[in-house]
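For reference, the structure is listed below as structure tokens.
Residue numbers (my numbering): 9 to 95.
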């Protein structure tokens, strides 16, 4: 069975326009902190910023930093332990 809701909402291309909104509204543009969650918002922001860079809208790619809650941080824990995916 396929979860169609996750197939629709997990599309990081839908998150790409967020990068423009974030960039336009921010005054400090060196670092952008993005909740990691399942990764789609983070990827969307990165891809959106890459598009802005390639289009000449921005001159320098800001550092995009993924954040997770201390009590629910599977990605951060995996990085800390040096774990690799089997996939």
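Glycine included, C-beta positions come from ideal geometry on N, C-alpha and C.
If residue 44 sits next to residue 74, beta carbons under 8 Å apart, how far is it from one beta carbon to the other, in whole angstroms?
Within the chain shown, residue 44 is the residue found at index 36, counting from 1. Within the chain shown, residue 74 is the residue found at index 66, counting from 1. Rounded, the Cβ-Cβ distance is 4 Å, consistent with contact.
My output table needs one value for residue 81: the three-state DSSP class, helix, strand or coil.
Numbered from 1 along the chain shown, position 73 holds the residue referred to as residue 81. Looking at residue 81 - three-state DSSP - the assignment turns out to be coil, as it is neither helix nor strand.
Check whether the Cβ atoms of residue 56 and residue 27 sit closer than 7 Å, and answer yes or no.
Residue 56 sits at position 48 when you count from the first residue of the chain shown. Residue 27 sits at position 19 when you count from the first residue of the chain shown. Their beta carbons are under 7 Å apart, which means residue 56 touches residue 27 by this criterion.
Return the bridge partner residues of residue 74 from the DSSP annotation.
Locating residue 74 in the chain shown gives position 66, where the first residue counts as 1. Paired residues: 42.
According to DSSP, is residue 68 helix, strand or coil?
The residue given as residue 68 occupies position 60 in the chain shown. In this structure, residue 68 counts as coil in the three-state DSSP scheme.
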